[in-house]
Amino acid sequence: MLEKKLFLNPISSQNLVEGFGYPFESHEVVSQSGYILSLHRIPNGIKRKQLNTTKRPVALFQHGLVAASDTWLFRGPDMDLHVNGQNE
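Heads up, the sequence shown is in full-length UniProt numbering, so the first residue is 1 and it goes up one at a time.
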């Protein structure tokens, strides 16, 4: 029964991020070899509602071959480094 419920209501990276109140962006990029890559971005934290032009450091998180971007999100904003850093 659990499998059926998860299949009908899949948890996506976007749902996880927005569910905690953060903005979410998804971009598709085509590599030189023709692969279509989906890139996910959390542009700012909850406290910083508007984007500003202040330069901030960039962090790139890349999952392994058999994982997905939600690997970095399941534990929530109090535990995950990339989301926690956006709370400034």
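Backbone N, C-alpha and C define an ideal beta-carbon position, used for all residues, glycine too.
Fair warning: this is a prediction, and the values are worked out from it, not measured in the lab.
query                                                                                                                                                                                   : result
Buried or exposed for Ser-31, going by 16 or more other Cβ atoms inside 10 Å?                                                                                                           : exposed
Once DSSP output is grouped into helix, strand and coil, what is the label at Val-17?                                                                                                   : helix
Using C-beta distances below 7 Å, list every residue in its chain close to Glu-18, excluding the 5 sequence neighbours before and after it, in chain order.                             : Phe-24
Please work out which residues of its chain come closer than 8 Å, Cβ to Cβ, to Ser-12, disregarding the five sequence neighbours upstream and downstream, and give them in chain order. : Asp-70
Could you name the residues of the same chain whose beta carbon sits closer than 8 Å to that of Glu-28, not counting the 5 residues immediately before and after it, in chain order?    : Ile-36, Leu-37, Ser-38 and Leu-39
For Ser-69, does the three-state DSSP call read helix, strand or coil?                                                                                                                  : helix
Using only CA atoms, which one of Ala-67, Asp-80 and Ile-42 lies nearest to Ser-26?                                                                                                     : Ile-42
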